[in-house]
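For what it's worth, full-length UniProt numbering labels the leading residue of the sequence shown as 1, then goes sequentially.
In this text, a Cβ means the ideal position worked out from N, Cα and C, and glycines have one as well.
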Amino acid sequence: SDCASRLNVHSEHSSACVVTQNNRALLVWVPYGSAPGWDLPGGMKHSGESACETAEREVCEETGYQVRAVERLAYNIFKCEIVAANVCTSPVDEGFLSKTWAVKEDLDNLQYRGGTWGDKEGHLASALQSSEPQPDWTDVCGCKTCHGEGFSTTQQQCVVGKTTENNEACACAQQSAAAGEEPVDVCGCKVCAGEGWSSTAGRCASGSDTDPQEACDCQVRNGGGGLLQKSATPRHNNSALLAIKAARTTRKTKVTSNCGARLNAYGKSNAACIVVRDNRALMVWVPYGGQPGWDLPGGSRHHGELACETAEREVCEETGFQVRATRELTHMVFECEIVAANVCKNPVDEGFLNKKWAWSWELDFLQYRGYTWGDKVGLLKMELRHGSLLQSGQATVSSAGALARRSGVSVTSDCASRLNVHSEHHSACVVTRDNKALLVWVPYGSAPGWDLPGGMKHHGESACETAERETCEETGIQVRAVERLASNIFRCEVVAEHVCTSPVDEGFLRKQWARKEDLGALQYRGGTWGDKQGFLSSALQEGEPQPASQEGEPQPDQADTCGCNACNGEGFSSTRQQCAVGSITDVNEACACAQQDACGCRACAGEGWSSSRGRCARGSDTDPQEACACLRSNGAAGLLQAVA
């Protein structure tokens, strides 16, 4: 299409579409990567292609649908409408992906692919209206087709987004088929002969599976019951159906409190609890999924249930502890206290999980379950630190300013009144200087990478104060919030450097100043701050072209001892055996290239430049920003000529 001129979109980057039809949203299952799951159709840009053209092309290549971008929802997400089906017929790259059409009520229960497209669930929810109650028609395995359910042999229950495959449908249908009658599914397809409904062919076809949407459509055409009404009453016990019924039976777990009204928390989402007792935190071991590990007790919400009620119920079902939510930490994580032990005694879903009570010092050494509950390690540390303060009689420190002063950090401004920001939540800063953006490397968690400086709120602290304090604690740079970019992100300006000098929590983080041209090549930390790359891109202008090193003639004002363009944020990567944006030429690499680094530090003696101390120090690595500053202050050639 002519989307580039029509929508005035001339930027080039990876992008995706939100596609809706009949008040359902199109999703594709991406099975590869570290966090497989349902995702928006979209992908990588081709050279010379505008972002909206990328989105349109990728949807067609992944689903077969030709679409037309009609509105820009975010810098990398477009609202798209279907033009025609079955247009792209030749598989490209990974080939066509499994797809589903989800109603708004399904969105909270889906397993999403991690680390793509920012707040995709939010964009999907905004694009859909709450649907009318869907008919509870079931397929041959008892799964509610019009709710998008199919049977999962692995989980032995119906699951949203799953298709009841032919072998599963055959096993279920054989139990209800009359003697001598060939088993069929709700579309009349001979499942035991490998048939399923093909929307492309408009009939049953060998090798197809009848997906939930197709099954629902067949039942609509057949007046609801359709072919299932012709089936006789099952003559034998069906273990699969019994498993489904058991999973579907909602045990009446006691709701432990009126948490919604008490906490003024009326959000509805999957949720979890942080439970602390004797200054230790309750953890459960989750053995299934792509990244098994220790996790907060919590899980998927039930229909009509508030997030805090979900958290309370799930803790009881997974651990046996009846708990009471006492504080909302994030929209899906609550601080909870134990009311009684051994209250829930009958296993539900996956049953009771192995549990442990973790000390604060253990948190950095545990194997965590991937991609759940956001920064759970940070939340756990905050709650355990809070409990430790209470036990040591320091609970009188009740304001953020007092906490900050006790840590040697000053509250940097009157941002709460100046920006009219009085909400309290975790937040971060977009900090720019000389048309470069400040990023910090976060090495912990399930998806380490470059991130905005920011973190967890302190009690009584406004969101902008949190962003200012966290930036100082992580980088040493005192900043001032000057504009609100999102509910949890602020544009901040540098006030002074080397202000915060005492490490707090995880200590100072490795940092770099990135140009706009660098943003697409960086590895970002997963699951934080929404569309952070978009905010960074918007805050920066396209930079002037940087001079590249000529082969055999290192540019002394650009290159470190390994020939990497320090002022472009490059360092040497031993893994890739080349210079890479975001890497640091560490002391071992610098030693292999030369005896001294760009700052004159004795690399082979383990020395690197320490900005905190303003000199070479053992145990430090000279990062690209420090190397660039040294090269410039030494007249660019300086030390490198001495090394040569």
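List the whole-angstrom C-beta distance separating residue i from residue j, where the pair is believed to meet the contact cut-off of C-beta under 8 Å.
i	j	result
A463	H425	5 Å
L485	V430	6 Å
G64	T100	The pair is not a contact, with the Cβ atoms about 14 Å apart (cut-off 8 Å).
P292	V284	About 11 Å; that fails the 8 Å criterion.
residue 652	T163	Given a span of 1 to 644 for the chain in the structure shown, any question on residue 652 remains unanswerable.
N76	H10	N76 to H10, Cβ: 14 Å. No contact.
A437	L540	6 Å
L439	A514	6 Å
residue 647	C599	With the chain running from 1 to 644 in the structure shown, residue 647 is simply not present.
W450	L353	With 8 Å as the limit, W450 and L353 do not qualify as a contact, their Cβ atoms being about 33 Å apart.
D93	E56	So it is not a contact: roughly 16 Å between Cβ atoms.
A325	S269	The pair is not a contact, with the Cβ atoms about 13 Å apart (cut-off 8 Å).
M332	W294	About 18 Å; that fails the 8 Å criterion.
I584	D531	With 8 Å as the limit, I584 and D531 do not qualify as a contact, their Cβ atoms being about 27 Å apart.
G114	A447	7 Å
So, for residue i: in the same chain, excluding its five sequence neighbours on each side, which residues have a beta-carbon less than 6 Å away from its beta-carbon?
i	result
L40	A16, W117, K120
G196	N166, C189, S208, D209, T210
A400	Reliability of the predicted coordinates at A400 is poor, the pLDDT of 37 falling under 50, and the value obtained from them is presented with this limitation in mind. Taken in chain order, the residues that qualify are H458, G460, E461, E465.
Y112	G37, W38
A566	D560, P624, A627, C628
A590	T561, D597, A603
C187	W197, T210, C218
C500	V409, C472, E473, G476
S360	L384
residue 649	Any property of residue 649 remains undetermined from this structure, which presents the chain solely from 1 to 644.
A215	D139, T145, V186
K376	L296
By Cβ distance below 8 Å, which residues in the same chain neighbour residue i in space, the five residues on each side in sequence not counted?
i	result
S423	S462, A463, S487
G289	R369, G370
Q174	P183, C192
S206	A193, G194, E195
E49	E12, R57
residue 653	No information on residue 653 is available, as it lies outside the stretch 1 to 644 that the chain covers here.
Tell me, please, which residues DSSP counts as bridged to residue i.
i	result
R484	F490
D451	V440
N565	A559
T138	K144
A514	A437
W609	C616
Q478	A496
S15	G43
G196	A205
R72	F78
Quick check on the DSSP output: the beta strand (DSSP E) that includes residue i runs from which residue to which?
i	result
A84	77-84
S206	203-206
F151	149-152
V429	The sequence given here has Cys at residue 429, not Val. Start and end: 427-433.
K99	98-102
A125	No beta strand (DSSP E) contains A125, which is instead part of the alpha helix (DSSP H) from 120-127.
G600	That residue, G600, is in no beta strand (DSSP E); it is neither H nor E in DSSP.
Please decide whether residue i counts as near chain C, where near means a Cβ-Cβ distance under 7 Å.
i	result
K79	Checking the listed chains, one finds no chain C in this structure; it contains a single protein chain.
Can you name the start and end residues of the alpha helix (DSSP H) that residue i belongs to?
i	result
residue 655	With the chain running from 1 to 644 in the structure shown, residue 655 is simply not present.
S538	532-539
A463	463-475
R113	Premise fails: R113 is in no alpha helix (DSSP H) and is neither H nor E.
Q174	166-176
C3	3-6
C415	415-418
P212	212-221
C187	Where C187 is concerned, there is no enclosing alpha helix (DSSP H), given that its DSSP letter is neither H nor E.
C259	259-263
So, at 7 Å on beta carbons, what are the nonlocal neighbours of residue i in its own chain, with the 5 sequence-adjacent residues on each side left out?
i	result
L73	V18, K79, H123
A102	R24, A25, L27, L110, G148
L380	I274, A281, L363
C342	The question names Cys, yet the displayed sequence has Asn at residue 342. Once the five neighbours on either side are set aside, the close Cβ partners of N342 are G320.
G378	G455, M456
Q533	L519, Y524
A125	K104, L107
Any heavy atom of the ligand COA closer than 6 Å to the beta-carbon of residue i?
i	result
V28	You won't find the ligand COA in this model; it holds no ligand whatsoever.
ask   = Unbroken beta strand (DSSP E) runs of length 3 or more, entirely within the stretch 21-70: which are they?
value = 24-30, 37-39
inquiry  = List, from N- to C-terminal side, the beta strand (DSSP E) runs of 3 residues or more that fit wholly inside the UniProt domain "Nudix hydrolase" (266-403).
reply    = 271-277, 280-286, 293-295, 322-328, 333-340, 355-358
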